[in-house]
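Asker: For what it's worth, my numbering labels the leading residue of the sequence shown as 3, then goes sequentially.
Here it is: the structure, laid out below.
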Amino acid sequence: MDTITIQVEDKSMLSSLRKILNSMEGVKILKSSCKSKEKPMDITQTKGFLEAMEDKRLGRVSRVTGVEELFKDLGI
3 MDTITIQVED KSMLSSLRKI LNSMEGVKIL KSSCKSKEKP MDITQTKGFL EAMEDKRLGR
63 VSRVTGVEEL FKDLGI
């Protein structure tokens, strides 16, 4: 038995799609959880962001006026 997931953007098509799938022998519609209802990720809680804030708090940052100055400071 194979399982497929179908993403439908236009909700008005769902009724027709369900009718078609239900009419097919051997095809069953399973309930699924909708992932689009999940909260978006809070970037301020990521490890990289927290490390960057720690660097800022401890003064381990440099200010540059442009990319050329950044490359010069990095020796590139």
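Note that beta-carbon positions come from the ideal geometry of N, C-alpha and C, so glycine has one too.
Taking a contact to mean a Cβ-Cβ separation below 9 Å, would you say threonine 5 touches leucine 32 in this structure?
Answerer: Yes, Cβ-Cβ distance for threonine 5 and leucine 32 is below 9 Å.
Asker: If the criterion is Cβ atoms closer than 9 Å, does the pair leucine 23 and valine 10 meet it?
Answerer: Cβ distance not < 9 Å, so leucine 23 and valine 10 don't count as in contact.
Asker: When the Cα atoms are used, what is the spatial distance from isoleucine 64 to leucine 76?
Answerer: Reading off the sequence, residue 64 comes out as serine, not isoleucine. Their backbone Cα atoms lie some 11 Å apart in a straight line.
Asker: Return the first residue and the last residue of the alpha helix (DSSP H) that lysine 33 is part of.
Answerer: Per DSSP, lysine 33 belongs to no alpha helix (DSSP H) and is neither H nor E.
Asker: What residues in its chain sit with their C-beta under 8 Å from that of isoleucine 45, if we drop five residues either side in the sequence?
Answerer: Here the set comprises Phe51.
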